[in-house]
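Numbering (the working numbering), first residue to last: 70 to 771.
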């Protein structure tokens, strides 16, 4: 039965309450008159939208109400909602006046509605594009939205909406092609020469010719993506096929071609002979490139030489006395591997010291890779280990003092920005939470030894249990061959035969030893409320877990979380997936200390990115907490619970199973809503926390 449209008085009554007319003094009769003329379904849609926006700003909601009927005449409900939420996002980031401009400039929004309807949105696709970018070789790059497409050699800037083609899938592929092209610029040496001296017209020609060379590199490195890129380009614009053009292609596609090859062609090729514009090529900003590279090169040289000094001491293991004559700093050398390919610049080199191979730790390998990307090799002056006191690395330290969060642009420097779910608005706050990842400083005290002694009997039992899990066989049913008859399968097969069907041969069972493929992150509440015995129980639990997980050889990471308001969210790295469980990690666990508040959603979204960097059939996020999500501002209460619930949904969508262990006696009031009825446990006795966590981990991973 179709519901009757609301009358004017009913609409005014609803809007008076939403817009707090006794305080705002807005005249709801004007928009109510327009909304009265709409069908009931559209009335409900508009009134719901007004209520959602009124929780952000009443004046903004009123202006939305005034323009809503006209907006529905011009756009569908989906785009009208996008119009309202865009205004709310502008209010969050820029204030009331820019938000009102979005509402009042409806015609401009309608003009761009087609792009948003058929295009691919970066905010929707970054969860796929960023892991794709991180999976490529070389330096770990960032991805950000910008009106101009380019790279500064550390960040790739792409449009917030890609709408070149009418199909959203093709626009997503164009995102991938654009990201790959700018990665190739960095990886294959486009910026190993100074481009700032090129006139603008020559720079345009250079971009076009260099794209041909980079395409040849991508064809060799990523042949599947290269074919997709060519299909997109052909759909965008057919390339020239003249004899001169083919000659240029052959020169730039040679295995020995470099950026200098492209530069040498600039004066030999006319504009008519140049290939046309490529749909994914973007532009080059020599000023941004030079500024970013100069800072990085200075920083990486210092860190690399200091790291070589530490490596040399470790390799030689010499203890010099005061009487030992002063030696010149050790000089390393480079041995290129036989399969090294100079065009790739992929770090296929090995370090040597005194004629012997030196196996560098991971952080030195990453530095080597980044340096080779910039220079194509490691310059000789980089290979001299730094002398004592030669560099003050604190000059390059980008981990600013968290207490400076309220000063200047602290929250923009080196931080990661995340959305946050506003349940009243039923929409995300865009770029809302500012997160910094900070390492916990190690403290070498007796805590670890005391814990191992305190739980020595329990630890022995846990190790035996986890050892059994590692070698546990699984019973596979309905097998064509095996060790025993599968009675259930036999009964089913007999029934099939009696009904005239062909009998299956999958009638056996067999034992199969399965390889474990588990990745788990332990997210530890470091809020101020954990001070005292709760904090100690958390640290003891982590020590015992780490000890037994070493037996299982599961990949695991440990992070603590705390912060104060959306501008200062801090994730404390205790152990990353690639870190060994060594004395330093143990000393970090020992130094886990209570901090501030518990803004959980942003931390869950951040660890989702960490999970995206590992391949595992089972991905598990276990949170240790003493209470519900909470913060100094509006995050407490239902808002925080709903944002955390939404973040957990995002994790589940990415194949991550989440589980919460809490000591909060009131947790049963909110955890079923956040995690689901079977994905949490409440521990009444904190002393039993280490035992319970081990039992829960065993249950979740077997």
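Glycine included, C-beta positions come from ideal geometry on N, C-alpha and C.
Item: For the segment 211–280, which segments carrying the beta strand (DSSP E) assignment without a break, of at least 3 residues, lie completely within its bounds, in sequence order?; Value: 211–214, 224–227
Item: Can you tell me which of 249, 459, 338, 600 puts its alpha carbon nearest to the alpha carbon of residue 290?; Value: 249
Item: Measure the alpha-carbon distance for residue 611 versus residue 401 and round it to whole angstroms.; Value: 40 Å
Item: What whole-angstrom Cβ distance do residue 772 and residue 682 have, given they're in contact under 8 Å?; Value: Nothing can be reported for residue 772, as the shown portion of the chain is limited to 70 through 771.
Item: Per the DSSP calculation, residue 640 is bridged to which residue(s)?; Value: 506, 630
Item: How is residue 578 classed by DSSP in three states: helix, strand or coil?; Value: strand
Item: Take the Cβ of residue 552 as the centre, count every other Cβ of all protein chains shown within 10 Å, and call the residue buried at 16 or more, exposed below.; Value: exposed
Item: In angstroms, rounded to a whole number, what distance separates the CA positions of residue 280 and residue 435?; Value: 27 Å
Item: Quick one: what's got a C-beta closer than 8 Å to residue 271's C-beta in the same chain, skipping five residues either side?; Value: 335
Item: Decide yes or no for the touch test of the segment 665–678 against the segment 583–599: beta carbon pairs closer than 8 Å, at least 3 of them.; Value: yes
Item: Quick one: grab the DSSP three-state call for residue 19.; Value: Residue 19 is absent from the structure shown; the chain starts at 70 and stops at 771.
Item: Closest to residue 518 by C-alpha separation, out of 722, 194, 655, would be which residue?; Value: 655
Item: Mind checking residue 697: buried by the 16 CB within 10 Å criterion, or exposed?; Value: buried
Item: Which residues in the same chain have their Cβ closer than 8 Å to the Cβ of residue 550, if we skip the five residues on either side of it in sequence?; Value: 577, 579
Item: What would DSSP say about residue 767, mapped onto helix, strand or coil?; Value: helix
Item: Taking one C-beta from the segment 484–491 and one from the segment 617–631 each time, how about it: are there three or more such pairs within less than 8 Å?; Value: no
Item: Run the CB neighbour count on residue 774, radius 10 Å, all protein chains shown included, and call it buried at 16 or more, exposed below.; Value: An answer regarding residue 774 cannot be provided, because it is not within the stretch 70 to 771 covered by the chain.
Item: Over the uninterrupted alpha helix (DSSP H) stretch that includes residue 138, give me the two end residues.; Value: 127–143
Item: From which residue to which residue does the beta strand (DSSP E) around residue 730 run?; Value: 725–731
Item: DSSP three-state call for residue 646: helix, strand or coil?; Value: coil
Item: Can you give me the C-alpha to C-alpha distance between residue 674 and residue 723, rounded to a whole angstrom?; Value: 11 Å
Item: Return the CA-CA distance between residue 418 and residue 403, expressed in angstroms with no decimal places.; Value: 6 Å
Item: Where residue 477 and residue 155 are concerned, what is the direct C-alpha to C-alpha distance, given to the nearest angstrom?; Value: Confidence at residue 477 is low in this model, with a pLDDT of 39, below 50, so the placement of that residue is unreliable and no value is reported for it.
Item: Rank 721, 532, 214, 647 by C-alpha distance to the C-alpha of residue 499 and give the top, closest one.; Value: 214
Item: How many whole angstroms separate the CB atoms of residue 640 and residue 680, which I take to be in contact at a CB cut-off of 8 Å?; Value: With 8 Å as the limit, residue 640 and residue 680 do not qualify as a contact, their Cβ atoms being about 14 Å apart.
Item: For residue 594, report the span of its beta strand (DSSP E) as first-last.; Value: 587–594
Item: Count the other C-beta atoms from every protein chain shown that fall within 10 angstroms of the C-beta of residue 392, then say buried if there are 16 or more, exposed otherwise.; Value: For residue 392, the pLDDT reaches just 47, beneath the cut-off of 50, and the residue's location in the model is therefore unreliable, although a value from the coordinates is still provided. So residue 392 ends up on the exposed side.
Item: How about residue 172 and residue 132: are their beta carbons less than 7 Å apart?; Value: yes
Item: Can you give me the C-alpha to C-alpha distance between residue 511 and residue 648, rounded to a whole angstrom?; Value: 14 Å
Item: Do you know how far the Cα of residue 506 is from the Cα of residue 822?; Value: Here the chain has residues from 70 to 771 only, and residue 822 is not among them.
Item: Mapping the DSSP letters down to three states, classify residue 168 as helix, strand or coil.; Value: helix
Item: Helix, strand or coil: how does DSSP classify residue 659 here?; Value: helix
Item: Less than 7 Å separating the beta-carbons of residue 555 and residue 567?; Value: no
Item: Measuring only the C-alpha atoms, how far is residue 720 from residue 86?; Value: 37 Å
Item: Beta carbon of residue 728, beta carbon of residue 748: below 7 Å?; Value: yes
Item: For residue 491, write down the residues that DSSP places opposite it in a beta bridge.; Value: 496
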